[in-house]
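Numbered per the UniProt record's numbering, the sequence shown finishes at 519, counting up by one with no gaps. A quick write-up on the structure given underneath.
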Amino acid sequence: MNGLHRDHLEQNDGLHLIKGVVCCKATSRFSDSEVLAHHEDWSIIFQESFDIWAFCPDGYFLSGFSRYTDGDAINYLHNIEYARCIKPSNHPDYHGKCYTQYINFNTQGVFSCKENYFITGLHKVKSDYLHHIDKLKCCAMQDDPEFVFDVDTFKRIIMDNTLPRLTMLAYAMGYDHISGLKGWMLGDDYFRDGDSWVADTRLYGWDKKCSGIKCEERFKIDYLDWSFHIKDIIYGDSVIDELKPEKVYEKLFPNLRNHTVPHITKLKHEFLPSLKHTITNHWEDNPEYISLLEYDPKYFGNIARSIKLAAEGSRSNTAGEGKKVLNNAFMYSIPARTLAKFKFFLNKVRTTTPYTANLVAKFNVRFTGILRPHNLHHQYRGSQERPKIIHTFGDESETFYTDLRRQKRINASPWLWYDMHDYYHSVVNDPYLANETNYQLKLRGKFEYVTGKSLHTLVEFKAANDRRKRETETYYFNGTFIAKAGPDDKPVEVNYPEISSKGKNRIQLEPIFNDPVSS
């Protein structure tokens with residue numbers, strides 16, 4: 001909804017004077033998306049007698065109102081029960097740019113947001129008349145690709161994109177009460193409860209009870225047994241560069257004599273390499289699951305270790321030589337009455353190896369709900385019992401989308417899939433739900449492998465005027481030294497390889513982590 005069209009001002013300036021709305025299509029990125037609908041409770045907000053805003057949730061846009069009648073012929077702002085707020089299913093849960101549009105809503109006309117902006121909220125001043133709406137909150141859709149920072153965001157994207165299609169599939173199977181009590185259309189009015197979508201039974205305003213057979217037994221979708229796998233990984237060309245030398249040892253030697261003294265200085269120590277894993281941006285060829293910029297150690301630390309194992313076995317990873325024992329020894333002639341300062345530096349080499357990988361989510365889906373009489377369950381088809389049926393796609397050995405393909409292909413009991421195909425052809429043959437690539441996230445990252453190469457020494461001399469000066473040693477590490485990039489070592493530019501969403505299965509890894517909070 002881009003704007004509101006109202007009729008001329010009357011003494012009884014009520015909701016009946018809204019003559020229409022300005023409707024606009026979603027921007028091109030979301031034009032083919034399914035729609036998620038949320039019904040926001042505005043029943044209390046517009047009963048207030050002071051200035052107040054009423055908003056849709058973040059990421060949602062106003063699509064309509066529901067009002068109740070309290071006996072008067074005219075309905076006013078306080079009669080608004082809830083707002084129907086919608087978003088494309090692949091739109092993030094935040095808006096693009098927003099601004100406040102001031103309107104003079106006491107004359108006939110159309111009052112709109114700017115082009116490509118949509119209404120997300122209304123503001124009213126103290127009273128209850130229609131012309132007391134004085135501001136629109138206008139927001140653009142977020143056309144920039146969404147950043148997937150953690151597992152919860154990845155899950156939310158999958159759940160948002162599958163809800164409309166799963167509810168249509170459930171309807172084709174014969175489930176009833178597919179929408180919440182406030183829903184206007186199939187699949188409307190769900191709320192998220194953890195890893196579940198639940199059709200809402202709450203009613204706002206004056207209507208507190210539903211009507212109809214088993215009207216409070218609404219449909220529910222559970223997403224179970226989440227796990228995440230690195231399906232494919234391709235390595236790019238490594239880049240080798242030398243880092244700034246790092247001081248590891250220092251020795252002071254005073255020659256307090258009146259003649260030159262020879263002195264041997266040496267250092268022998270074990271140096272270990274380090275491997276740093278960084279996940280960075282990737283290209284924008286998949287508008288639904290775009291980039292992973294940071295990772296939650298609880299989940300993605302395991303991914304890093306898994307990719308590391310693959311990296312160590314890859315021909316592209318040419319750096320790994322393991323730990324090294326380096327030594328350096330030399331003899332200097334220290335002039336009379338001179339303080340010598342010996343500094344040992346570790347020369348370090350870094351090999352940066354980029355990769356691109358497909359991360360795939362695996363999970364099961366469970367339907368819980370009652371059947372309508374015109375269902376396609378082999379036992380209850382045509383039955384008036386309206387039984388409660390629980391059905392799960394997937395198990396320990398097979399994920400949701402592969403099991404869905406299997407059940408449709410073999411006409412698996414208890415559902416009459418072949419009949420379903422005849423009656424609901426477009427739903428049953430929708431390829432989205434059974435397509436694994438819709439549950440993939442493309443990761444782009446790199447490994448920085450730093451190892452010690454050699455030691456070199458610098459010597460400084462100055463006059464030794466303090467006869468109490470003693471020979472001292474300083475180690476700039478405790479125990480084993482691990483070679484790492486320093487704060488002055490800037491990352492190198494690498495070329496990330498391309499990988500298909502379909503994947504070539506170059507490297508198949510076992511599940512690398514499971515979601516500990518999944519049912």
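A virtual CB, placed ideally from N, CA and C, is assigned to each residue, including glycine.
Practice prompt. Drop a sphere of 10 angstroms on the beta-carbon of Ile482, count the other beta-carbons inside from all chains shown, and report buried for 16 or more, exposed for fewer.
Written response: If you number the sequence shown from 1, residue 482 lands on position 482. Result: exposed.
Worksheet item: First and last residue of the alpha helix (DSSP H) that includes Lys155?
Response: For the purposes of this step, residue 155 is taken as the residue at position 155 of the sequence shown. Element bounds for Lys155: 151-173.
Discussion item. What does the Cβ neighbour count give for Ala54, buried or exposed, with the cut at 16 atoms within 10 Å?
Written reply: Here residue 54 refers to the residue found at position 54 of the sequence shown. Result: buried.
Practice prompt. Find out if the Cβ-Cβ distance for the pair Asn375, Arg381 is shorter than 8 Å.
Written response: Here residue 375 is taken as the residue at index 375 of the sequence shown, counted from 1. Here residue 381 is taken as the residue at index 381 of the sequence shown, counted from 1. Yes.
Fill in: Neighbourhood of Glu242 by C-beta distance below 8 Å, restricted to the same chain and skipping five residues each side
Sequence index remark: in the sequence shown, residue 242 carries index 242 (1-based). Cβ within range, chain order: Asn347, Lys348, Val349, Arg350, Lys453.
Worksheet item: Taking all protein chains shown into account, do 16 or more other C-beta atoms lie within 10 angstroms of the C-beta of Val148, making it buried, or fewer, making it exposed?
Response: By one-based count along the sequence shown, residue 148 stands at place 148. Looking at its Cβ environment, which holds 16 or more other Cβ atoms inside 10 Å, Val148 is buried.
Fill in: Neighbour-count burial assignment, Asp237, 16 or more Cβ in a 10 Å radius
Position 237 of the sequence shown, counting from 1, holds the residue named residue 237. It is exposed - the Cβ of Asp237 has fewer than 16 other Cβ atoms within 10 Å.
Worksheet item: What are the residues that DSSP puts in a beta bridge with Cys139?
Response: Taking the sequence shown and counting its residues from 1, the one referred to as residue 139 is at position 139. Its beta-bridge partners are Cys98, Phe118.
Discussion item. Does the structure place the segment 66-83 close enough to the segment 136-152 that three or more beta carbon pairs sit under 8 Å?
Written reply: no
Discussion item. Buried or exposed for Ala37, going by 16 or more other Cβ atoms inside 10 Å?
Written reply: If you number the sequence shown from 1, residue 37 lands on position 37. By the 10 Å Cβ count, Ala37 comes out buried.
Fill in: Integer-rounded CB distance, given that Val459 should sit under 8 Å from Ala361
As a first step, residue 361 must be located in the sequence shown, where it is residue number 361. As a first step, residue 459 must be located in the sequence shown, where it is residue number 459. Not really, about 59 Å apart at Cβ, beyond 8 Å.
Practice prompt. Verify whether the separation of the beta carbon atoms of Phe330 and Thr278 is less than 8 Å.
Written response: To locate residue 330, count along the sequence shown from 1; it is residue 330. To locate residue 278, count along the sequence shown from 1; it is residue 278. Not closer than 8 Å, so no.
Item to complete: Can you give me the Cβ contacts of Glu436 inside the same chain, cut-off strictly under 8 Å, excluding the 5 residues immediately before and after it?
Response: If you number the sequence shown from 1, residue 436 lands on position 436. The residues are Val360, Tyr401, Thr402.
Discussion item. Between which two residues does the alpha helix (DSSP H) holding Leu404 run?
Written reply: The residue given as residue 404 occupies position 404 in the sequence shown. Looking at the DSSP string, the run of the alpha helix (DSSP H) that includes Leu404 is 400-410.
Worksheet item: Just reading off the beta strand (DSSP E) that Ser333 is part of, what are its end residues?
Response: Taking the first residue of the sequence shown as 1, we reach residue 333 at position 333. It spans 324-334 - the beta strand (DSSP E) in which Ser333 sits, taken as one unbroken run.
Worksheet item: Just how far apart, CA to CA, sit His282 and Gly121?
Response: Here residue 282 corresponds to residue number 282 of the sequence shown, with the count starting at 1. Here residue 121 corresponds to residue number 121 of the sequence shown, with the count starting at 1. Because the pLDDT at His282 is just 36, under 50, the model does not fix this residue reliably, and the value given afterwards should be weighed accordingly. Computed Cα separation, rounded: 34 Å.
Worksheet entry | Range covered by the alpha helix (DSSP H) that runs through Asp419 | For this step, residue 419 is matched to residue 419 along the sequence shown. Taken as a continuous stretch (DSSP letters only), the alpha helix (DSSP H) holding Asp419 covers 417-423.
Worksheet item: What are the residues that DSSP puts in a beta bridge with Leu62?
Response: Translated into the one-based positions of the sequence shown, residue 62 becomes position 62. Paired residues: Cys85.
Worksheet entry | Own chain partners of Ile334 with C-beta closer than 6 Å, once the 5 adjacent residues on each side are dropped | As a position in the sequence shown, residue 334 is number 334, starting the count at 1. Result list for Ile334: Asn255, Val261, His263, Ala340, in chain order.
Worksheet item: Are three or more beta carbon pairs between the segment 122-136 and the segment 158-167 nearer than 8 Å?
Response: no
Fill in: Contact set for Lys484: own chain, Cβ-Cβ below 6 Å, skip 5 residues either direction
Position 484 of the sequence shown, counting from 1, holds the residue named residue 484. Answer for Lys484: Ser274, Val450, listed in chain order.
Worksheet entry | Expected contact under 8 Å - CB spacing of Ser43 and Tyr204 to nearest Å | Walking along the sequence shown from the start, residue 43 turns up at place 43. Walking along the sequence shown from the start, residue 204 turns up at place 204. So it is a contact: roughly 4 Å between Cβ atoms.
Discussion item. Our contact map puts Leu9 next to Thr69 with C-beta atoms below 8 Å; I'd like the distance itself, whole angstroms only.
Written reply: Position 9 of the sequence shown, counted from the first residue, corresponds to residue 9. Position 69 of the sequence shown, counted from the first residue, corresponds to residue 69. The pair is not a contact, with the Cβ atoms about 22 Å apart (cut-off 8 Å).
Discussion item. I'd like the list of long-range same chain contacts for Gly40, defined as Cβ closer than 7 Å, with 5 residues on each side in sequence excluded.
Written reply: Within the sequence shown, numbered from 1, the residue matching residue 40 stands at position 40. Looking at the sequence provided, one finds Glu at residue 40 rather than Gly. Cys56, Pro57, Tyr82, Ala83, Cys85.
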